[in-house]
Amino acid sequence: MIKGHEVPAYLGAKKMSLHQTGFQEVLALAHLMGQAPKEIILIGCQPQDLSDYGGSLTDIVKAQIPHALDLAVACLRDWGVSLTPRQSLIEGTQVDALSMERYEAERPSAESACRIGRGETRWIDCRLVGDVYPQDWVLVLVDAAREIIDANRAQEINSVLD
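Structure, rendered in C-alpha coordinates:
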(Lines of atoms letter the chains of each structure in order from A and count residues from 1; the text may use other names and numbers.)
(Lines give C-alpha, C1' and ligand atoms only; values in the text may rest on other atoms or scores of the structure.)
Protein backbone atom coordinates (compact mmCIF):
# COMPACT_ATOMS: atom_id res chain seq x y z
CA MET A 1 0.00 0.00 0.00
CA ILE A 2 1.34 3.40 -1.00
CA LYS A 3 -0.13 6.65 0.31
CA GLY A 4 -0.21 10.31 -0.68
CA HIS A 5 2.86 11.71 -2.44
CA GLU A 6 4.43 8.23 -2.59
CA VAL A 7 1.87 7.25 -5.25
CA PRO A 8 3.71 7.65 -8.57
CA ALA A 9 2.60 10.58 -10.73
CA TYR A 10 4.68 11.30 -13.83
CA LEU A 11 4.33 11.97 -17.53
CA GLY A 12 5.68 9.30 -19.86
CA ALA A 13 7.13 9.71 -23.33
CA LYS A 14 6.82 7.71 -26.54
CA LYS A 15 3.13 6.85 -26.20
CA MET A 16 1.77 5.53 -29.48
CA SER A 17 -1.88 5.72 -28.42
CA LEU A 18 -4.12 7.27 -25.78
CA HIS A 19 -4.83 3.67 -24.73
CA GLN A 20 -1.30 3.58 -23.29
CA THR A 21 -2.04 6.31 -20.76
CA GLY A 22 -1.67 5.01 -17.22
CA PHE A 23 -2.84 6.27 -13.87
CA GLN A 24 0.58 7.91 -13.34
CA GLU A 25 -0.04 10.26 -16.28
CA VAL A 26 -3.59 10.98 -15.14
CA LEU A 27 -2.32 11.90 -11.65
CA ALA A 28 0.51 14.04 -13.06
CA LEU A 29 -1.93 15.94 -15.29
CA ALA A 30 -4.34 16.37 -12.37
CA HIS A 31 -1.48 17.93 -10.38
CA LEU A 32 -0.62 20.26 -13.28
CA MET A 33 -4.26 21.36 -13.50
CA GLY A 34 -4.56 21.88 -9.75
CA GLN A 35 -7.14 19.08 -9.56
CA ALA A 36 -5.15 16.40 -7.73
CA PRO A 37 -7.05 14.37 -5.13
CA LYS A 38 -6.61 15.53 -1.53
CA GLU A 39 -5.93 11.96 -0.43
CA ILE A 40 -4.96 8.95 -2.48
CA ILE A 41 -4.00 5.39 -1.65
CA LEU A 42 -2.70 2.81 -4.10
CA ILE A 43 -3.27 -0.82 -3.14
CA GLY A 44 -1.75 -3.48 -5.34
CA CYS A 45 0.45 -6.52 -5.74
CA GLN A 46 3.49 -7.11 -7.92
CA PRO A 47 2.80 -9.74 -10.60
CA GLN A 48 4.68 -13.00 -10.23
CA ASP A 49 4.92 -13.71 -13.97
CA LEU A 50 4.86 -11.31 -16.92
CA SER A 51 5.79 -13.85 -19.60
CA ASP A 52 2.20 -15.17 -20.01
CA TYR A 53 0.96 -12.05 -21.80
CA GLY A 54 -2.73 -11.49 -21.12
CA GLY A 55 -2.71 -14.42 -18.72
CA SER A 56 -4.71 -14.83 -15.57
CA LEU A 57 -3.45 -14.15 -12.07
CA THR A 58 -1.02 -16.67 -10.62
CA ASP A 59 -2.06 -18.50 -7.45
CA ILE A 60 0.36 -16.39 -5.37
CA VAL A 61 -1.21 -13.15 -6.64
CA LYS A 62 -4.78 -14.50 -6.33
CA ALA A 63 -4.02 -15.27 -2.68
CA GLN A 64 -3.32 -11.54 -2.10
CA ILE A 65 -6.81 -10.42 -3.18
CA PRO A 66 -8.46 -10.88 0.26
CA HIS A 67 -5.63 -8.92 1.92
CA ALA A 68 -5.94 -6.10 -0.66
CA LEU A 69 -9.71 -5.96 -0.10
CA ASP A 70 -9.20 -5.81 3.68
CA LEU A 71 -6.78 -2.89 3.22
CA ALA A 72 -9.27 -1.10 0.96
CA VAL A 73 -12.12 -1.58 3.44
CA ALA A 74 -9.93 -0.26 6.29
CA CYS A 75 -8.92 2.81 4.25
CA LEU A 76 -12.51 3.60 3.26
CA ARG A 77 -13.65 3.26 6.87
CA ASP A 78 -10.81 5.58 7.96
CA TRP A 79 -12.23 8.10 5.47
CA GLY A 80 -15.65 7.75 7.10
CA VAL A 81 -17.27 5.63 4.39
CA SER A 82 -19.96 3.26 5.66
CA LEU A 83 -19.74 -0.14 3.97
CA THR A 84 -22.31 -2.92 3.82
CA PRO A 85 -21.40 -6.27 2.21
CA ARG A 86 -23.76 -7.29 -0.59
CA GLN A 87 -25.62 -10.55 -0.27
CA SER A 88 -26.05 -10.85 -4.05
CA LEU A 89 -25.11 -9.13 -7.30
CA ILE A 90 -27.01 -6.06 -8.43
CA GLU A 91 -29.24 -6.99 -11.35
CA GLY A 92 -28.36 -5.30 -14.63
CA THR A 93 -24.73 -4.51 -13.75
CA GLN A 94 -21.63 -5.57 -15.66
CA VAL A 95 -20.11 -7.38 -12.67
CA ASP A 96 -20.19 -10.68 -14.58
CA ALA A 97 -17.73 -9.21 -17.09
CA LEU A 98 -15.19 -8.94 -14.26
CA SER A 99 -15.49 -12.60 -13.25
CA MET A 100 -12.14 -14.42 -13.05
CA GLU A 101 -13.83 -17.66 -14.11
CA ARG A 102 -15.36 -15.99 -17.17
CA TYR A 103 -12.04 -14.39 -18.14
CA GLU A 104 -10.18 -17.68 -17.89
CA ALA A 105 -12.89 -19.61 -19.77
CA GLU A 106 -13.09 -17.07 -22.63
CA ARG A 107 -9.38 -16.39 -22.95
CA PRO A 108 -8.19 -17.19 -26.50
CA SER A 109 -5.95 -20.21 -26.98
CA ALA A 110 -2.19 -19.79 -27.38
CA GLU A 111 -2.59 -20.74 -31.04
CA SER A 112 -5.05 -17.93 -31.80
CA ALA A 113 -3.52 -15.17 -29.64
CA CYS A 114 0.12 -14.57 -28.79
CA ARG A 115 0.87 -15.10 -25.10
CA ILE A 116 4.58 -14.38 -25.23
CA GLY A 117 5.25 -11.02 -23.62
CA ARG A 118 8.46 -9.43 -22.52
CA GLY A 119 7.08 -6.10 -21.28
CA GLU A 120 9.34 -3.99 -23.46
CA THR A 121 9.07 -2.15 -26.78
CA ARG A 122 11.71 -2.91 -29.39
CA TRP A 123 12.26 -1.45 -32.82
CA ILE A 124 13.10 -4.14 -35.37
CA ASP A 125 14.84 -3.65 -38.72
CA CYS A 126 12.72 -5.65 -41.20
CA ARG A 127 14.60 -4.86 -44.42
CA LEU A 128 15.91 -8.43 -44.72
CA VAL A 129 12.44 -10.03 -44.74
CA GLY A 130 10.35 -7.49 -46.64
CA ASP A 131 6.80 -6.63 -45.62
CA VAL A 132 5.72 -7.78 -42.15
CA TYR A 133 2.05 -7.82 -41.17
CA PRO A 134 0.42 -7.80 -37.70
CA GLN A 135 -0.42 -11.53 -37.79
CA ASP A 136 3.16 -12.52 -38.75
CA TRP A 137 5.62 -14.20 -36.41
CA VAL A 138 9.14 -12.92 -37.01
CA LEU A 139 12.44 -14.46 -35.92
CA VAL A 140 14.58 -11.56 -34.67
CA LEU A 141 18.32 -11.67 -33.95
CA VAL A 142 20.13 -8.59 -32.64
CA ASP A 143 17.23 -6.24 -33.44
CA ALA A 144 16.96 -7.32 -37.08
CA ALA A 145 14.24 -9.55 -38.53
CA ARG A 146 15.79 -12.67 -40.08
CA GLU A 147 12.81 -14.81 -41.04
CA ILE A 148 9.00 -14.90 -40.94
CA ILE A 149 7.93 -18.04 -39.05
CA ASP A 150 4.70 -19.73 -37.92
CA ALA A 151 3.22 -19.76 -34.39
CA ASN A 152 4.46 -23.30 -33.63
CA ARG A 153 8.05 -22.38 -34.48
CA ALA A 154 7.73 -19.23 -32.34
CA GLN A 155 6.58 -21.35 -29.37
CA GLU A 156 9.48 -23.80 -29.92
CA ILE A 157 12.03 -21.00 -29.95
CA ASN A 158 10.52 -19.34 -26.90
CA SER A 159 10.54 -22.59 -24.89
CA VAL A 160 14.24 -23.10 -25.67
CA LEU A 161 15.07 -19.53 -24.60
CA ASP A 162 13.13 -19.67 -21.31
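Numbering (the numbering used here), first residue to last: 996 to 1157.
Every residue gets a Cβ at the ideal spot worked out from N, C-alpha and C, and that includes glycine.
Owing to the predicted nature of the structure, the values given are computational and were not obtained by experimental measurement.
With 16 as the cutoff for other CB atoms within 10 Å, does residue 1134 come out buried or exposed? In the sequence shown, counting from the first residue as 1, residue 1134 sits at position 139. The residue in question, residue 1134, is exposed, as its Cβ has fewer than 16 Cβ neighbours within 10 Å.
Determine the extent of the alpha helix (DSSP H) in which residue 1123 is found, giving its start and end residues. Position 128 of the sequence shown holds residue 1123. Per DSSP, residue 1123 lies in no alpha helix (DSSP H) and is assigned neither H nor E.
Rounded C-beta distance between residue 1072 and residue 1066? I'm assuming under 8 Å. Numbered from its first residue, the sequence shown carries residue 1072 at position 77. Numbered from its first residue, the sequence shown carries residue 1066 at position 71. The beta-carbon separation of residue 1072 and residue 1066, rounded to 11 Å, does not stay under the 8 Å limit for a contact.
For the region 1047 to 1061 against the region 1097 to 1111, are there 3 or more C-beta pairs whose distance is under 8 Å? They touch, by the three-pair rule.
Of the residues 1081, 1108, 1123, the one placed nearest residue 1150, counting alpha carbons only: Reading the sequence shown from its first residue, position 155 is the one you call residue 1150. The shortest Cα separation from residue 1150 among 1081, 1108, 1123 belongs to 1108.
Grab the span of the beta strand (DSSP E) containing residue 1068 for me, first residue to last. Start at 1 with the first residue of the sequence shown, and residue 1068 comes out as number 73. For residue 1068, there is no enclosing beta strand (DSSP E); the residue is found in the alpha helix (DSSP H) stretching over 1060 to 1073.
Hey, quick one: how far does the alpha helix (DSSP H) through residue 1024 stretch, first residue to last? By one-based count along the sequence shown, residue 1024 stands at place 29. If you look at residue 1024, you'll find it in the alpha helix (DSSP H) that goes 1018 to 1027.
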